[in-house]
Structures are given as C-alpha cells and as structure tokens.
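Trainee: In our numbering, the protein residues as written are 12 to 187.
Structure, rendered in structure tokens:
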C-alpha cells in the first residue's frame, strides 16, 4: 500500500497513534509486524488488529472508489447521449422544435420515433413537440420511424410499455 492510500484509509479512524505508526511501517514500509511493534512500543496484538482493520478498510475504500467512478462514467454517458439525442432531433425537425421535459410516470406519449442514440429515443408527439425517452426505461427498443404509443406506469421502477401503432387513413364522404 502506498503512503497516500494509507492516509486516505486511516483518516477518520480511531486507533492508538502507536498502532497507526506501526501499521504504517508494516503496510507502507514493508517492515515485519514484530519489528514495527518493538520500534513503536505498541503491543504486537494491537499492531496485528490495526493492520488487519486497515487492510479491510482499504478494500472497502477501493470498492467505493471504483463504484463511484463507474457511476460517474455512466452519468456522463447518459448526459452525452441525451445531448446528442436533442441535437439530432433538432437537426431533423428544425430548430423551432420544442423538447418537452423527460417522460413522466403515469403518462402516455403517442407519435413517431424520429431519432435514436445509444441510450435515448426521440419521439415526435406532434405540433413540433419532442419527448426524449431513456431506452433503459422501455420494455423494448422500438424501430426507428415507427408510430409508437409509449405508456409509463405510475410505479417508477417498472418499464414503460411500447406498442407500435398502425396508421389508418380514412376518406371523408358518405358511405353506402
């Protein structure tokens, strides 16, 4: 373990100063636990317990650090995908297109899918209004250009139902 990691892991922990110094000698400097105990005046059992707790804390610290960096990377990717989805939709629909807020629970959105990024789908719901859907929140990924009805349940952790609509054209007039 390097000195910087040792300081990060030990910071805020409540150990006797002599045990911390002995653990530093063992973990950072590579001195045997018995020698470290003798040099610092700590009991060998205390050095052993302190060293073990610091090693466990280091594992936890590294796992949290990895998890945090992974979450940050996903959030950055999601943000970049959203930005790209909006940009692509505006290029296709024109700058006057309005992007509605993100899809909301309990709502249904009907319209044509007009753009898709790695993590988002853009749906034209009419009158120049666009809705951005996260693909991870949909039960399935629909085809681009399809007429869709996307219905979000009130429960936020359930996927939105996606159904393709068929276009029907009717002619006005009198039927016989």
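The beta-carbon is built from N, C-alpha and C at its ideal position, and this holds for glycine as well.
(1) Determine which residues share a DSSP beta bridge with residue 174 and list them.
(2) Decide if residue 186 is buried, meaning its Cβ has at least 16 other Cβ atoms within 10 Å, or exposed.
(3) Any idea what DSSP makes of residue 85, helix, strand or coil?
(4) May I ask which residues mark the beginning and end of the beta strand (DSSP E) holding residue 137?
(5) When the Cβ atoms of the region 59-69 are set against those of the region 25-35, are three or more pairs found closer than 8 Å?
(6) Please tell me whether residue 93 and residue 143 are closer than 8 Å, where the distance is taken between their beta carbons.
(7) Within 10 angstroms of its Cβ, does residue 23 collect 16 or more other Cβ (buried), or is it exposed?
(8) Please classify residue 186: does DSSP put it in a helix, a strand, or coil?
Mentor: To lay it out plainly:
(1) Translated into the one-based positions of the chain shown, residue 174 becomes position 163. DSSP, once it has assigned bridges, lists 160 as partnering residue 174.
(2) Here residue 186 refers to the residue found at position 175 of the chain shown. The pLDDT assigned to residue 186 is 49, lower than 50, so where the model puts this residue is not dependable; a value taken from the coordinates is nonetheless given after this. Exposed.
(3) As a position in the chain shown, residue 85 is number 74, starting the count at 1. Reduced to three states, the DSSP call for residue 85 is helix.
(4) Working through the chain shown from its first residue, we reach residue 137 at position 126. First-last of the beta strand (DSSP E) with residue 137: 131-137.
(5) With the cut-off at 8 Å, the region 59-69 and the region 25-35 touch.
(6) Here residue 93 corresponds to residue number 82 of the chain shown, with the count starting at 1. Here residue 143 corresponds to residue number 132 of the chain shown, with the count starting at 1. Contact flag set, yes.
(7) In the chain shown, residue 23 corresponds to position 12, counting from 1. Residue 23 is exposed by the Cβ-count criterion.
(8) By 1-based counting over the chain shown, the position of residue 186 is 175. Low confidence applies to residue 186: its pLDDT is 49, below 50, so where it sits in the model is not reliable, and the reading given next is rough at best. Correct three-state label for residue 186: coil.
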